[in-house]
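Going down the list, the protein sequences come from chains V and S.
Counting in our numbering, the final residue of the first sequence is number 125, and the numbers go up one at a time with none missing.
Counting in our numbering, the final residue of the second sequence is number 125, and the numbers go up one at a time with none missing.
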Amino acid sequence: NAGVTQTPKFQVLKTGQSMTLQCAQDMNHNSMYWYRQDPGMGLRLIYYSASEGTTDKGEVPNGYNVSRLNKREFSLRLESAAPSQTSVYFCASSDWLAGDTQYFGPGTRLTVL
Amino acid sequence: GENVEQHPSTLSVQEGDSAVIKCTYSDSASNYFPWYKQELGKGPQLIIDIRSNVGEKKDQRIAVTLNKTAKHFSLHITETQPEDSAVYFCAKSGYALNFGKGTSLLVTP
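Structure (structure tokens):
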């Protein structure tokens with residue numbers, strides 16, 4: 013039981029490049045989330061998916077898109093990376109049957125030059 | 017999202033002392049208040065949580081108190097150990113979680 017997994021662990025992009033961050037969970041959770049973490053800012057919600065087939069914007073969605081591929085997988089795409097998107101990205105999952113506790117992945121550290 | 021204010025931003029204690037971290041919030045709808053511990057290079061991990069129908073919850077050296085009327089909740093760590101050194105985040109429920117900005121706790125031997 014791996015919990016929440018994220019790939020890649022590290023990535024360096026040039027301004028304007030695109031990439032997709034992958035997230036998968038094996039806990040059969042309905043809800044999945046993408047957060048970004050910047051120094052002194054805590055964790056801020058980018059997008060979330062309350063259930064398979066639905067996605068909604070969070071606090072800081074600009075410059076990102078998401079896809080809930082199936083119940084297990086939730087990907088985050090940067091179409092044209094900008095230096096302001098340099099951050100650590102965390103995926104999380106939860107389910108009301110599990111008390112709504114959010115379980116986090118290990119993170120992806122992204123640098124945009 | 018609705019803000020969660022967390023204090024202090026840094027806290028240094030001697031091994032064996034207690035550490036207290038406080039959070040306040042403004043909306044009345046939240047009913048779930050988790051605390052996460054984040055070690056360097058890792059994702060946040062839940063250490064304790066409390067729901068609005070209780071005022072206090074303990075798990076060994078960790079306790080959380082909630083005052084819904086005053087809209088604040090606190091994390092108490094007793095008999096601190098060097099391995100408690102980490103960043104701690106409070107959060108409250110909404111359509112997702114709203115996090116405080118974190119407290120960097122250092123426990124010195």
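Idealized CB from N, CA, C, for every residue including glycine.
In this text the structure is predicted, and so the values were computed from the model without any measurement.
Excluding the five sequence neighbours on either side, which residues of its own chain have a C-beta within less than 8 Å of the C-beta of R84/V, listed in chain order? One-based indexing of the first sequence puts residue 84/V at position 72. Sequence-distant partners of R84/V (beyond 5 residues in either direction) whose C-beta falls short of 8 Å from its own C-beta, in its chain, are A36, Q37 and D38.
If I measure Cβ to Cβ from E21/S and keep anything under 8 Å in the same chain, skipping five residues before and after, which residues do I get? To locate residue 21/S, count along the second sequence from 1; it is residue 5. Once the five neighbours on either side are set aside, the close Cβ partners of E21/S are C39, T40, Y41 and G116.
Closest Cβ-Cβ distance between Y12/S and chain V: below 8 Å? Coverage of chain S is limited to positions 17 through 125, which leaves residue 12/S absent and any answer about it impossible.
Does DSSP classify G17/S as helix, strand or coil? Counting from one through the second sequence, the residue named residue 17/S turns up at place 1. In this prediction, G17/S scores a pLDDT of 49, lower than 50, which makes its location untrustworthy; the coordinate-derived value is nonetheless stated afterwards. DSSP, read as helix, strand or coil, puts G17/S in coil.
What number of angstroms, rounded off, separates the C-alpha of L91/S from the C-alpha of A112/S? Here residue 91/S refers to the residue found at position 75 when the second sequence is read from its first residue. Here residue 112/S refers to the residue found at position 96 when the second sequence is read from its first residue. Inter-residue distance for L91/S and A112/S is about 21 Å (C-alpha atoms, whole angstroms).
The beta strand (DSSP E) spanning R77/S covers which residue range? By one-based count along the second sequence, residue 77/S stands at place 61. No beta strand (DSSP E) contains R77/S, which DSSP labels as neither H nor E.
Range covered by the beta strand (DSSP E) that runs through W51/S: Here residue 51/S corresponds to residue number 35 of the second sequence, with the count starting at 1. DSSP places W51/S in the uninterrupted beta strand (DSSP E) bounded by Y48 to Q54.
Is any beta-carbon of chain S found at less than 8 Å from that of L57/V? As a first step, residue 57/V is located in the first sequence; it is residue number 45 there, counting from the start. It does; some Cβ of chain S falls within 8 Å.
Buried or exposed by the 16-neighbour rule on C-beta atoms within 10 Å, applied to L121/S: Indexing the second sequence from 1 puts residue 121/S at position 105. Buried.
Using a Cβ-Cβ cut-off of less than 9 Å, list which residues of the stretch 52 to 77 of chain V approach chain S; keep chain order. Listed by position, the residues of the stretch 52 to 77 of chain V near chain S (Cβ gap below 9 Å) are G52, M53, G54, L55, R56, L57, Y60, A62, D68, G70 and E71.
Counting only beta-carbon atoms, is F105/S nearer than 8 Å to chain V? Counted from its first residue, the second sequence places residue 105/S at position 89. With 8 Å as the cut-off, F105/S counts as an interface residue toward chain V.
Note down, in chain order, every chain S residue with its Cβ under 8 Å from the Cβ of Y101/V. Within the first sequence, residue 101/V is the residue found at index 89, counting from 1. Result: empty, since nearest Cβ-Cβ is about 10 Å, beyond 8 Å.
Any beta carbon from chain V within less than 8 Å of L121/S's own beta carbon? As a working mapping, residue 121/S is identified with position 105 in the second sequence. At a cut-off of 8 Å between C-beta atoms, L121/S does not count as an interface residue with respect to chain V.
With 8 Å set as the bound, which would you pick, yes or no: does the beta-carbon of Q114/V sit closer than that to a beta-carbon of chain S? Numbered from its first residue, the first sequence carries residue 114/V at position 102. The C-beta of Q114/V comes closer than 8 Å to at least one C-beta of chain S.
At 9 Å on the CB atoms, spell out the chain S contacts of G117/V, in chain order. The residue labelled residue 117/V in the question sits at position 105 within the first sequence. For G117/V, the chain S residues whose C-beta falls within less than 9 Å of its own C-beta are G59, listed in chain order.
In terms of residue numbering, what span does the beta strand (DSSP E) encompassing Q29/V cover? Stepping through the first sequence from its first residue, residue 29/V is reached at position 17. Note, Q29/V: premise wrong, no beta strand (DSSP E); not H, not E.
Residue-level contact to chain V via CB, K53/S, 8 Å cutoff: Position 37 of the second sequence, counted from the first residue, corresponds to residue 53/S. With respect to chain V, the C-beta atom of K53/S has no partner C-beta closer than 8 Å.
Is it the case that the stretch 99 to 108 of chain S contacts the stretch 43 to 51 of chain S, given that we only count it when at least three CB pairs across the two stretches are under 8 Å? In short, these stretches touch, since the Cβ pair count reaches three.
Could you tell me which chain V residues have their CB closer than 7 Å to the CB of L62/S, listed as they occur along the chain? In the second sequence, residue 62/S corresponds to position 46, counting from 1. Result: T113.
Would the stretch 76 to 83 of chain S and the stretch 14 to 33 of chain V be scored as touching if the rule is three or more Cβ pairs under 8 Å? Verdict: no, contact absent.
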